[in-house]
Each structure stands twice: as structure tokens, then as C-alpha cells.
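**Student:** My questions will all concern the structure given below.
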Amino acid sequence: MKTVYVPNYYTRFSCIAAACRHTCCVGWEIDVDREALVRYASVGGDMGRRLAMCIDREADPPCFRLTPDERCPFLNQNGLCDLITELGEDSLCQICSDHPRFRNVLPDRVELGLGLCCEAAAKLILSQTEPFSVVELSPDKAVRERYAHEEMRELDETAAELLERREHLFTILRDRSMPLSDRIRHIFHHSDVDLSESTANAFKSFPQIGAILRDMERLDPAWDTCLDALETLTEDPLCELDRETTVAYENLVCYFLYRYMTADATFWPDAHRTRAAFAVLCTVIIHAIHRAVGGKDLDSLCEIARMFSSEIEYSEENLERLMGEVEDAVF
Ligand code: SF4
């Protein structure tokens, strides 16, 4: 069985359910996996009838039929899930029990993390004061069963080198004796990213970054307001990080490195450069928007990070586009 690794804060996550202002039970398609379909087919009574009515089995993949205002049909008016309250947490389909967790399955291990698009996860990730590290999870029975069939292989040389580089970048980021902007410059240096005129244009101008983001699919009108504010900034994106003393931005760079500088990135040429640059660019954008909209505290920063994640990270198309822009910029 593959060993499961997680960020050091991972096990402290818990969903805030009815208190969540941006619940994942509204506005997202919810696919129902095969095992859940089998379980749901055996439920009797009123809930069994409701399940039969609320699942579109003809869809590919099958999914819950959302209400006209895009709510999950099992999200009740108190903001709670009827499936959990009536059948228990184990009844949830895979996507609901996973969210907001993500997983990267590597040949020799599984890496789990928490996605920033969830406001409770964003708060947990950004408020960490303990430096980021990747730790082994003591898997419970469900996790062990889930990964029992995963075939173990050795990492190939390129993937092993990429992960070694990532670990080295975490070590640089943990060194709080240096300002964060210096640590980021070290990251670029160790990742062979040249910050000269010709290679780092994507980092040079906020109006340019704003125009790229505006050209993407956008979900929330509040994101447009963020982009309006971003386009008014004129300073050098990196130097502004010097003014910040908070470790929240350090936590953000670590989050993006852990999530995206991973074995699947080795399909791309020079992944160590492009993924390091991507992690920094995402952090710089979040920082800049927070400043541009006059954000003052950790709560407002968490909200900008959550919105960035939901607009960019959780749209396959937008994510690919931003990564493509970074690749163009660093080559
Ligand atoms: S977004 Fe996060 S906190 Fe909100 S309902 Fe979903 S898992 Fe819970």
C-alpha cells in the first residue's frame, strides 16, 4: 500500500457546515460515483424515493439534479445536508466526502491536501504560524482501503529530482531570518528562473496580469471588482511583498508548490521552473488584489485567496491558461 502524505495542518480541518458563507453545496456540479449509486439504490422509504428522484443516472457521469438556484437537492434551509443528518456521514458520495481535499497520486505515494476554495480550509492554511512541512498520515481503515489497490513503483529520476527540488524550496521558505521577497528571489535562483526583462514579463505589470485574468471564464461578479482594483496597481509586483510581515504569504507559496510541483508536472518541460514561478505568481496576485481592494486583515486575505482559488484553480480551463502564461513567460 502506498504511504499517504499530507501538509502538517491537514488533520485539523473540519467543515463549518451551516456557518459557511460560500458552501460547496451550491453552484457546483456534484457527480455521484458508482459505489454511492449502489448504496443509494438500497435505501428505502422517503429518502430512497428522494434519492431516486434527485439523481440524474443518464448523465455521464451520474450527478445530483441541482435546484433552479443551483443548490444541491439535499442541502436544507438550515444549511445542513439531509443525507448526513438522516443516513450519516458515511453515506456521502466520494466527491462530497473528499471536498475540499485534493490528492496527487504519485508512483510511490499519495499526497493529500486541502483546497483553498473552501473558506474553512483557506482560514486554516493561511493562519498557520508553524512552518509548512509534509508529514506522513496515519491512515484510518477507510483511507487504507482506498489506496490498497494502488500499485507501488519507484519514482523515475526526473520526478524524484523535482520533488527533491520542491523540498529544497520549502526549506528556503521556512527560513524566516530573511524577508519573504528575498526568499522568493532565492526560489527563482534555485529554479533557474531569470527575472530579467526578457523572461519574466508576466511578473512585470499588474494591468497585464489583470487583462489575462479578465480574459478567462469568470464566475462571481465580486471577482470583476477585484480585477478592476488589480489593474490600477503600478508598482513592481515582487517588491511589495517586503512590506508584509505576515506568514500567510509564505503559507500560500508552500500551498501552491505542494499542490502543483508534483510528479505529474514532469510531463511538461522544465517543470521545476514553471511550477515554482506559478506558485509565486498565484501568491503575488492574491497579495496584490488584497492590497488593491484595501484589505486589512487575515479574514479579508482568506476571502481573496478563496475567491482566487474558486475562479482559477477550480476551473480546469483557467488553470491551464494561467499555467500556459507562466510557461511562456519563463522560457
Ligand atoms: S466550502 Fe468547506 S466549510 Fe463550506 S460547506 Fe464546503 S467543505 Fe464545508
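The sequence shown begins at 122 in the numbering used here and counts up by one.
By construction, the Cβ of each residue, glycine as well, lies at the ideal position given by its N, Cα and C atoms.
1. Under 6 Å Cβ to Cβ from Tyr161, same chain only, skipping five residues before and after it: list those, please.
2. Let me check understanding here. Comparing Cα to Cα, which of Arg224, Leu258, Glu150, Met174 lies closest to Tyr126?
3. Determine the direct distance from the alpha carbon of Met444 to that of Cys146, and round the result to whole angstroms.
4. Buried or exposed for Arg287, going by 16 or more other Cβ atoms inside 10 Å?
5. Name the DSSP beta bridge partners of Cys184, please?
6. Name, in chain order, the residues that DSSP records as bridge partners for Pro128.
7. Between Glu240 and ligand 1, is the CB less than 7 Å from at least one heavy atom?
8. Gly209 and Phe223 look like a contact to me (Cβ under 8 Å); what is the Cβ gap, rounded to whole Å?
9. Hey, how far is the Cα of Ala140 from the Cα of Arg304?
10. Considering Cα atoms alone, identify which of Trp344, Ala413, Ala450, Asp449 is closest to Leu351.
11. Shorter than 7 Å, the distance from the beta carbon of Thr206 to the closest heavy atom of ligand 1, or not?
12. Under 7 Å from any heavy atom of ligand 1, does the C-beta of Pro194 make it?
13. By the 10 Å Cβ neighbour count, where 16 or more other Cβ atoms means buried, how is Ile137 classified, buried or exposed?
14. Please state whether DSSP places Phe195 in a helix, a strand or coil.
15. Please return the same chain residues whose Cβ sits closer than 7 Å to the Cβ of Met337, not counting the five positions on each side in sequence.
16. In whole angstroms, what separates the C-alpha of Ile330 from that of Leu158?
17. Count the CB pairs spanning the segment 191-206 and the segment 244-258 that are closer than 8 Å, and state whether there are at least three.
18. The alpha helix (DSSP H) with Glu437 in it runs from where to where?
19. Can you tell me whether Leu204 is helix, strand or coil according to DSSP?
20. Could you check whether the Cβ of Ala426 sits closer than 7 Å to any heavy atom belonging to ligand 1?
21. Have a look at the DSSP bridge pairing and note the partners of Gly234.
22. In whole angstroms, what is the alpha-carbon distance linking Ala263 and Asp219?
23. Looking at C-beta atoms only, is the number of pairs between the segment 414-421 and the segment 381-401 that lie closer than 8 Å three or more?
24. If you count every other CB in all the chains shown that lies within 10 Å of the CB of Ala269, and 16 or more means buried, which is it?
25. Measuring straight from C-alpha to C-alpha, what distance separates Glu448 and Glu207?
26. Taking just the CA atoms, how far does Leu283 sit from Glu424?
27. Consult DSSP for Val147 and reduce its assignment to one of helix, strand or coil.
28. Answer yes or no: do Glu240 and Arg427 have a C-beta to C-beta separation smaller than 8 Å?
29. Which residue's Cα is closest to the Cα of Cys217: Asp152, Ala281, Val231, Arg186?
30. Closest by CA to Phe429, which one among Gly166, Cys403, Asn372, Met299?
**Tutor:** Result, derived from the coordinates:
1. Leu172
2. Leu258
3. Roughly 28 Å between the two C-alpha positions.
4. buried
5. Asp152, Asp177
6. Val255
7. yes
8. Incorrect: roughly 24 Å between the Cβ atoms, too far for contact.
9. Whole-angstrom Cα-Cα distance: 37 Å.
10. Ala413
11. no
12. Checking the Cβ of Pro194 against ligand 1 gives no.
13. exposed
14. coil
15. Asn439, Arg442
16. 43 Å
17. Contact fails: fewer than three Cβ-Cβ distances are below 8 Å.
18. 437-451
19. Residue state for Leu204 is assigned as helix, using DSSP reduced to three classes.
20. Answer for Ala426: no, Cβ out of range of ligand 1.
21. When DSSP reads this structure, Gly234 sits in a beta bridge with Phe223.
22. 12 Å
23. no
24. exposed
25. 48 Å
26. Straight-line spacing of the CA atoms in Glu424 and Leu283 works out to 31 Å.
27. strand
28. yes
29. Asp152
30. Cys403
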